[in-house]
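These notes are about the structure you will find just below.
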Amino acid sequence: MRSLGEPPMAELSLFSNQTPSTTEVGGATPAAAPSGAPRAAVSGGTTPNTECPSDQRVAPVPPAASPTGGSGRGGLSSVELLGLLDALVGGLGGLGGGRLEECLRLVGRCEARLAAVKADKIAELARWRGEAHAAGVLRDELKQSRGGAKRDVKFAERLGDLPKTAKALAAGDVTPQAARAIADAAAHTPVDEDELLGAAETEPGDVFARTVRDHVNERTAAVDLEERRRHQRSRREANIKQESDGMYKLFGTFDPLAGARIETALAAMAKQLWHAEDPKRRSTPAQRYADALEALITRQGAGADTAKAQRTTLVVVADYDLVTDQLADARLIDGTPLAPSELLKIALEADILPALFDSKGQPLWLGHKCRTASVAQRVALAIRDKGCVICGAANSYCQAHHVIHWEDGGPTDIDNLCLLCSDCHHKQIHELGADLIRQPDGTYRLEHPPNLAGLASRNGQTRTAKARTAKAHTGKAHAGKRGRPGHRTANHPLQC
Numbered sequence: 175m176r177s178l179g180e181p182p183m184a185e186l187s188l189f190s191n192q193t194p195s196t197t198e199v200g201g202a203t204p205a206a207a208p209s210g211a212p213r214a215a216v217s218g219g220t221t222p223n224t225e226c227p228s229d230q231r232v233a234p235v236p237p238a239a240s241p242t243g244g245s246g247r248g249g250l251s252s253v254e255l256l257g258l259l260d261a262l263v264g265g266l267g268g269l270g271g272g273r274l275e276e277c278l279r280l281v282g283r284c285e286a287r288l289a290a291v292k293a294d295k296i297a298e299l300a301r302w303r304g305e306a307h308a309a310g311v312l313r314d315e316l317k318q319s320r321g322g323a324k325r326d327v328k329f330a331e332r333l334g335d336l337p338k339t340a341k342a343l344a345a346g347d348v349t350p351q352a353a354r355a356i357a358d359a360a361a362h363t364p365v366d367e368d369e370l371l372g373a374a375e376t377e378p379g380d381v382f383a384r385t386v387r388d389h390v391n392e393r394t395a396a397v398d399l400e401e402r403r404r405h406q407r408s409r410r411e412a413n414i415k416q417e418s419d420g421m422y423k424l425f426g427t428f429d430p431l432a433g434a435r436i437e438t439a440l441a442a443m444a445k446q447l448w449h450a451e452d453p454k455r456r457s458t459p460a461q462r463y464a465d466a467l468e469a470l471i472t473r474q475g476a477g478a479d480t481a482k483a484q485r486t487t488l489v490v491v492a493d494y495d496l497v498t499d500q501l502a503d504a505r506l507i508d509g510t511p512l513a514p515s516e517l518l519k520i521a522l523e524a525d526i527l528p529a530l531f532d533s534k535g536q537p538l539w540l541g542h543k544c545r546t547a548s549v550a551q552r553v554a555l556a557i558r559d560k561g562c563v564i565c566g567a568a569n570s571y572c573q574a575h576h577v578i579h580w581e582d583g584g585p586t587d588i589d590n591l592c593l594l595c596s597d598c599h600h601k602q603i604h605e606l607g608a609d610l611i612r613q614p615d616g617t618y619r620l621e622h623p624p625n626l627a628g629l630a631s632r633n634g635q636t637r638t639a640k641a642r643t644a645k646a647h648t649g650k651a652h653a654g655k656r657g658r659p660g661h662r663t664a665n666h667p668l669q670c
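Right, here's the structure in full:
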């Protein structure tokens with residue numbers, strides 16, 4: 175039993191249980207170093223042997239030490255631990271050439287396991303000395319920002335209530351980012367830990383964030399929605415601070431409805447700025463959003479009258495019950511449910527845009543008499559596709575794209591349109607010459623052409639010229655069939 179006077183930080187452990195006399199970096203087993211002596215080399219030589227499988231352990235640990243279970247008083251000294259860390263870093267640094275991907279996988283697992291150790295020790299220190307003291311140690315010793323230290327203390331506390339997530343993080347099976355997403359969601363909503371962990375092991379961070387959001391929406395009962403929204407709104411915050419180089423950083427957290435309104439207004443202003451730009455000197459999307467935010471806050475538009483608030487469209491989807499003559503299941507495009515009070519607030523200042531859908535949610539008729547998608551079609555695409563059909567980017571970053579190109583006879587009909595983000599649309603299809611393929615299950619994929627055909631597209635050749643280029647060099651034409659898009663020279667922000 176440790177006395178209250180002993181500092182908890184003395185129990186630092188970096189790795190999982192293994193015998194301290196073996197070091198498995200590079201598959202070598204060196205002799206045990208004398209007590210207190212750092213071990214900076216592996217296999218007793220200057221160049222570590224890196225012939226180890228990717229699933230092999232990369233470092234030893236003292237007995238009775240684990241990222242989630244604490245350690246005994248007989249652990250290794252700080253000098254010994256730093257020696258092991260040197261050996262680990264040296265071993266990973268020796269993985270080069272054809273083993274770079276393997277090295278990065280191992281680094282990712284190390285990051286996750288160290289994050290578990292850090293959270294475990296922060297939680298232990300907070301229990302002993304209080305959260306304020308733990309945050310102070312992170313700020314003073316680890317040089318973290320005040321906000322970052324507080325977030326780490328809160329994460330450590332929440333992770334203690336999620337043993338399965340803590341175990342997966344300690345094993346390196348999920349990323350620290352995914353573990354934080356689960357912990358944040360579980361703090362306000364009962365979640366299925368097993369379901370989220372299964373997704374976290376296979377999905378990139380941005381995709382998993384949407385999975386968590388959908389999971390929370392599905393598990394939030396309508397009776398609890400008003401209370402949940404009040405709690406979310408109580409957590410709203412915004413701040414602005416000046417960085418060391420003089421630049422300012424603005425950040426904020428908003429409830430779903432306020433966030434959707436802000437995102438919609440930013441997207442509308444960004445579109446206005448796009449039209450006002452010199453086509454030869456385009457801003458990046460991030461720069462344009464920064465300009466849009468400045469314009470909205472300071473009321474300085476791109477030559478337009480900004481004395482009054484800009485008109486924007488926030489889409490709310492609801493089911494109409496013919497029996498009760500009422501709207502039900504109101505939600506934003508991304509599936510976020512709306513409380514009755516929120517729906518009422520929107521309805522008081524909204525225009526109604528009716529559209530007909532079949533029982534499967536497919537639009538029955540929205541017109542196809544012109545090249546560009548109508549407002550109703552854009553709304554229908556946002557509801558149906560929700561975002562980019564390839565990478566899942568948010569609807570506000572997407573353009574309507576003809577699956578069969580307009581010049582190839584493709585109509586501007588909802589069945590021939592889909593949403594693509596700027597990268598998938600202009601870079602992958604128009605610059606690199608990729609084809610958008612609709613699969614039998616209704617999903618889409620990109621099929622890239624041979625290098626020469628892609629080069630033809632990048633050089634600005636037409637579909638016909640591109641096909642000739644490919645045929646001249648490969649003996650067969652590329653993407654000449656109706657139903658597969660090819661190169662276009664237009665670069666409209668909302669339509670192609």
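Numbering (our numbering), first residue to last: 175 to 670. Each residue gets a CB set at the ideal place from its N, CA and C atoms; glycine is no exception.
Report task. Quick one: using the 10 Å Cβ neighbour count with 16 as the cut-off for buried, is ASP493 buried or exposed? Result -> On the sequence shown, residue 493 is found 319 positions in, with the first residue counted as 1. ASP493 should be labelled exposed.
Distance between beta carbons of LEU312 and ASP326, contact taken as under 8 Å
Locating residue 326 in the sequence shown gives position 152, where the first residue counts as 1. Locating residue 312 in the sequence shown gives position 138, where the first residue counts as 1. Correct: roughly 6 Å between the Cβ atoms.
request  = Within the same chain, show all residues whose beta-carbon is closer than 8 Å to that of GLU367, passing over the 5 residues directly before and after it, in chain order.
outcome  = Position 193 of the sequence shown holds residue 367. So the list reads LEU336, LYS338, THR339, ILE356 and ALA360, once near-sequence residues are dropped.
### Query
How long is the line joining the alpha carbons of GLY249 and ALA261, rounded to whole angstroms?
Start at 1 with the first residue of the sequence shown, and residue 249 comes out as number 75. Start at 1 with the first residue of the sequence shown, and residue 261 comes out as number 87. Using only the alpha carbons, I get a separation of about 18 Å.
| message | Let me make sure I understand the geometry here. Which of VAL563, LEU606 and TRP580 has the alpha-carbon closest to that of GLN613? | response | To locate residue 613, count along the sequence shown from 1; it is residue 439. For GLN613, the nearest C-alpha among the options comes from VAL563.
Integer-rounded CB distance, given that LEU470 should sit under 8 Å from MET443:
Mapped onto the sequence shown, residue 443 falls at position 269. Mapped onto the sequence shown, residue 470 falls at position 296. Rounded, the Cβ-Cβ distance is 6 Å, consistent with contact.
**Prompt:** Which runs of the beta strand (DSSP E), 3 residues or longer, sit entirely within the region 547-595?
**Reply:** Correct list: 572-576 and 591-595.
query = Using DSSP with H/G/I as helix, E/B as strand and the rest coil, what is ASP503?
reply = Here residue 503 refers to the residue found at position 329 of the sequence shown. The three-state secondary structure of ASP503, taken from DSSP, is strand.
Count the other CB atoms, across all protein chains shown, that sit within 10 Å of the CB of ALA450; report buried if there are 16 or more and exposed otherwise.
Translated into positions along the sequence shown, residue 450 becomes position 276. Counting the other CB atoms within 10 Å of its CB gives ALA450 a total below 16, which places it among the exposed residues.
Open item on the list: Quick check on GLN613: does DSSP put it in helix, strand or coil?
Closed with: As a working note, residue 613 is residue 439 in the sequence shown. Of the three classes helix, strand and coil, the one that applies to GLN613 here is coil, per DSSP.
If I follow the unbroken beta strand (DSSP E) through THR427, where does it start and stop?
Here residue 427 corresponds to residue number 253 of the sequence shown, with the count starting at 1. Run containing THR427: 422-427, per the beta strand (DSSP E) assignment.
Q. From the DSSP output, which residues share a beta bridge with ALA412?
A. As a working note, residue 412 is residue 238 in the sequence shown. ALA412 is bridged to GLY426.
task = Determine the direct distance from the alpha carbon of SER418 to that of PRO350, and round the result to whole angstroms.
result = Within the sequence shown, numbered from 1, the residue matching residue 350 stands at position 176. Within the sequence shown, numbered from 1, the residue matching residue 418 stands at position 244. Approximately 27 Å between the Cα atoms of the pair.
With a 10 Å radius around its C-beta and 16 neighbouring C-beta atoms as the bar for buried, classify TYR422 as buried or exposed. The residue labelled residue 422 in the question sits at position 248 within the sequence shown. Of the residues assessed, TYR422 falls on the exposed side of the cut-off, its CB having fewer than 16 other CB atoms within 10 angstroms.
Close Cβ partners of GLY509 (< 8 Å) along its chain, the five nearest in sequence each way excluded:
Translated into positions along the sequence shown, residue 509 becomes position 335. Excluding positions up to five away in sequence, the list reads ARG387, ASP388, ASN391 and LYS560.
What do you reckon, are the CB atoms on ASN590 and ILE603 nearer than 7 Å?
-> In the sequence shown, counting from the first residue as 1, residue 590 sits at position 416. In the sequence shown, counting from the first residue as 1, residue 603 sits at position 429. In this structure, ILE603 does not lie closer than 7 Å to ASN590 by Cβ.
*Exposed or buried, which one is ARG462 when buried takes at least 16 other CB atoms within 10 Å?*
One-based indexing of the sequence shown puts residue 462 at position 288. With 16 or more other CB atoms across the displayed protein chains lying within 10 angstroms of its CB, ARG462 is buried.
### Query
Do CYS277 and LEU266 come within 7 Å of each other at the CB atom, strictly closer than that value?
On the sequence shown, residue 266 is found 92 positions in, with the first residue counted as 1. On the sequence shown, residue 277 is found 103 positions in, with the first residue counted as 1. Contact: yes.
My output table needs one value for GLU621: the three-state DSSP class, helix, strand or coil. In the sequence shown, residue 621 corresponds to position 447, counting from 1. Looking at GLU621 - three-state DSSP - the assignment turns out to be strand.
Original post:
How many angstroms separate the CA atom of ILE557 from the CA atom of LYS292?
Top reply: Within the sequence shown, residue 557 is the residue found at index 383, counting from 1. Within the sequence shown, residue 292 is the residue found at index 118, counting from 1. Each residue's Cα considered, the two are about 42 Å apart.
Practice task
Return the residue from the list HIS576, PRO514 and LEU606 that minimises the CA-CA distance to TYR618.
Solution key: On the sequence shown, position 444 is the one that residue 618 refers to. Of the listed residues, the one whose Cα sits closest to TYR618 is HIS576.
Who are VAL491's beta bridge partners in DSSP? The sequence position of residue 491 within the sequence shown is 317, counting from 1. Paired residues: ARG505.
query = Where does PRO459 sit, in a helix, a strand or coil, going by DSSP?
reply = Sequence index remark: in the sequence shown, residue 459 carries index 285 (1-based). DSSP places PRO459 in helix when its eight states are reduced to three.
Have a look at ALA345 and LEU269 and give me their C-alpha separation to the nearest angstrom. Numbered from its first residue, the sequence shown carries residue 345 at position 171. Numbered from its first residue, the sequence shown carries residue 269 at position 95. Cα-Cα distance, rounded: 21 Å.
Relative to the alpha-carbon of ALA374, which residue among VAL348, ASP358 and GLY282 has its alpha-carbon at the smallest distance?
By one-based count along the sequence shown, residue 374 stands at place 200. The shortest Cα separation from ALA374 among VAL348, ASP358 and GLY282 belongs to VAL348.
**Q.** Length of the line joining the Cα atoms of ARG545 and ARG393
**A.** As a first step, residue 545 must be located in the sequence shown, where it is residue number 371. As a first step, residue 393 must be located in the sequence shown, where it is residue number 219. So the two alpha carbons sit approximately 41 Å from each other.
**Asked** Which residue spans inside the region 305-380 form an unbroken beta strand (DSSP E) run of at least 3?
**Response** Those beta strand (DSSP E) runs which fall completely within the region 305-380 and span 3+ residues do not exist here.
Exercise. Within this structure, are the beta carbons of ARG435 and ALA513 separated by less than 7 Å?
Worked result: Reading the sequence shown from its first residue, position 261 is the one you call residue 435. Reading the sequence shown from its first residue, position 339 is the one you call residue 513. Against a cut-off of 7 Å, the Cβ pair of ALA513 and ARG435 comes out as no contact.
Assuming ILE520 contacts VAL490 (C-beta within less than 8 Å), just tell me the rounded distance between them. The sequence position of residue 520 within the sequence shown is 346, counting from 1. The sequence position of residue 490 within the sequence shown is 316, counting from 1. Indeed they touch by this definition, with Cβ atoms about 6 Å apart.
### Message
Give me the residue from ARG455, SER515, ASP358 and VAL253 with the minimum Cα distance to GLY334.
### Response
Numbered from 1 along the sequence shown, position 160 holds the residue referred to as residue 334. Checking every option, the nearest Cα to that of GLY334 belongs to ASP358.
Q | Per-residue DSSP class, three states only, for PRO453 | A | Taking the sequence shown and counting its residues from 1, one reaches residue 453 at position 279. Three-state DSSP puts PRO453 in coil, outside helix and strand.
Residues near HIS622 in its chain [Cβ-Cβ closer than 6 Å; skip 5 each side]:
Walking along the sequence shown from the start, residue 622 turns up at place 448. The residues are ALA608.
Quick check: does the Cβ of ALA308 come within less than 6 Å of any heavy atom belonging to the ligand MN?
No copy of the ligand MN appears in this structure; indeed no ligand is present at all.
Residues that DSSP places opposite PRO511 in a beta bridge:
Locating residue 511 in the sequence shown gives position 337, where the first residue counts as 1. Looking at the DSSP assignment, PRO511 forms a beta bridge with ARG505.
Checklist entry - If we call anything under 7 Å between Cβ atoms a contact, is CYS572 one with LEU593? => result For the purposes of this step, residue 572 is taken as residue 398 along the sequence shown, with counting starting at 1. For the purposes of this step, residue 593 is taken as residue 419 along the sequence shown, with counting starting at 1. The beta carbons of CYS572 and LEU593 sit closer together than 7 Å.
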